[in-house]
Each structure stands twice: as structure tokens, then as C-alpha cells.
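In this text, residue positions in the sequence shown follow numbering that gives the first Met the number 0: the first is 0, and each later residue adds one. Shown next, in C-alpha cells, is the structure this report addresses.
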Amino acid sequence: MLTELQALGRAMPLPRIEVVDVESDPVLERRHGLDVPVLLLDGTVVCRHRLDAGELKRLLRKG
């Protein structure tokens with residue numbers, strides 16, 4: 000997912016991307032456990048497992 004986000008970021012401006020190891024935080028591991036990778040935008044889940052570029056673009060336009 001990170002590679003796809005980086006490619007998308009070359010085509011359009013994206014907010015800063017922060018990579019977090021879910022397994023290093025017990026709260027995040029309980030919340031997202033088997034749903035990694037997960038992409039959040041302002042604390043809201045955009046997609047899980049694979050990038051949903053359409054949904055991300057929609058949320059960025061909205062936001």
C-alpha cells in the first residue's frame with residue numbers, strides 16, 4: 000500500500016504519510032490486528048488490506 004500511496008503522491012498532493020507499526024502498540028493491535036495494512040485519514044479508516052485510491056481521493060476532495 001505504501002508504494003501505491005507514494006505513486007499517487009507523485010500525481011497529486013497528499014497529506015503527510017506516517018507509517019506506524021501496529022504490532023508495537025497494544026491498542027492499535029487490538030483495533031486493527033488482522034486488518035493491516037490500514038490507511039487512516041484524520042483518524043478515520045479509508046481502507047484496509049489494499050489501497051482504495053478512489054475513496055482516498057473522494058475524502059481528500061471532501062476534506
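From the three backbone atoms N, C-alpha and C, an ideal C-beta is built for every residue, glycine too. Every value quoted in this text rests on a predicted model; they were computed, and no experiment measured them.
Which residue from the options puts its Cα closest to that of residue i?
| i | options | result |
| --- | --- | --- |
| G8 | G62, K61, A52 | A52 |
| D41 | T2, A10, K61 | K61 |
For residue i and residue j, I'd like the C-alpha separation in whole angstroms.
| i | j | result |
| --- | --- | --- |
| H48 | G32 | 11 Å |
| P14 | P25 | 26 Å |
| A6 | P12 | 11 Å |
Suppose the cutoff is 7 Å on Cβ atoms and the five residues either side in sequence are ignored; what does the same chain contact list for residue i look like?
| i | result |
| --- | --- |
| V45 | L38, L39, D51, E54, L55, L58 |
So, at 6 Å on beta carbons, what are the nonlocal neighbours of residue i in its own chain, with the 5 sequence-adjacent residues on each side left out?
| i | result |
| --- | --- |
| P36 | M0 |
| D34 | R47 |
What residues in its chain sit with their C-beta under 8 Å from that of residue i, if we drop five residues either side in the sequence?
| i | result |
| --- | --- |
| V19 | L27 |
For the segment 3–60, which segments carrying the beta strand (DSSP E) assignment without a break, of at least 3 residues, lie completely within its bounds, in sequence order?
37–40, 43–47
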